[in-house]
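Asker:
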Amino acid sequence: MNLKKTSNFMLVVLTFALLGCAADPYNRGNYVDISEIKGKEGSWTRKDVEQTVGSPSFADPQNSNVVYYVGAQGHKYPFVSPTIHKAATLQLEYDAQGKLKKITAIE
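Here it is in structure tokens:
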């Protein structure tokens, strides 16, 4: 009977120890999948884009109609550096009326 309690206890301890090794999502910046906004040129405004994908990472200091979205997604395991699975930099350009004019993926 004592052996059964010990083995059950060890099983519970092992289960919790393994759960601690699960990967956590790792997100940096504002990762935008281009498919979320592709094809919206000419019809979406800056507000429409920001409501869908969030605020841009930064704006071009020389041209207020150009913004950038920079981000990465991956996983992080305990005690190990994160692994990046997807990364993207998108340049979005708006016209003078604030409509989305051009989307460029930067490699």
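Be aware that the sequence shown starts at 305, since it is given in my numbering, and climbs by one per residue. Heads up, the beta-carbon is just placed ideally off N, CA and C, and yes, glycines get one too. Nothing here was measured: the structure is a model prediction, and the numbers come from that model.
Ignore the nearest five residues each way along the sequence and tell me which others in S347's own chain have a CB closer than 8 Å to its CB.
Answerer: Here the set comprises K403, L404.
Asker: Three or more beta-carbon pairs under 8 Å between the stretch 356 to 365 and the stretch 380 to 391, yes or no?
Answerer: No, because fewer than three Cβ pairs between the stretch 356 to 365 and the stretch 380 to 391 fall closer than 8 Å, the two stretches do not touch.
Asker: From what residue to what residue does the beta strand (DSSP E) around D399 run?
Answerer: D399 -> no beta strand (DSSP E), and no H or E assigned at all.
Asker: Determine, using beta carbons only, whether N334 and V374 come nearer to each other than 8 Å.
Answerer: It is a contact, given that the beta carbons lie within the stated cut-off.
Asker: Grab me the residues of T393's own chain with a C-beta within less than 6 Å of its C-beta, minus the 5 sequence neighbours each way, in chain order.
Answerer: V374, I410.
Asker: According to the neighbour-count rule (16 or more other Cβ atoms, all chains shown, within 10 Å of its Cβ), is I341 buried or exposed?
Answerer: It counts as buried.
Asker: What do you get for V336, buried or exposed, if any count of 16 or more other CB atoms within 10 angstroms of its CB means buried?
Answerer: Under this definition V336 is a buried residue.
Asker: Return helix, strand or coil for N331, following the three-state DSSP convention.
Answerer: In the structure shown, N331 sits in a strand (DSSP, three-state: E or B).
Asker: Can you grab the Cα-Cα spacing for the pair T387 / G378, in whole Å?
Answerer: So the two alpha carbons sit approximately 5 Å from each other.
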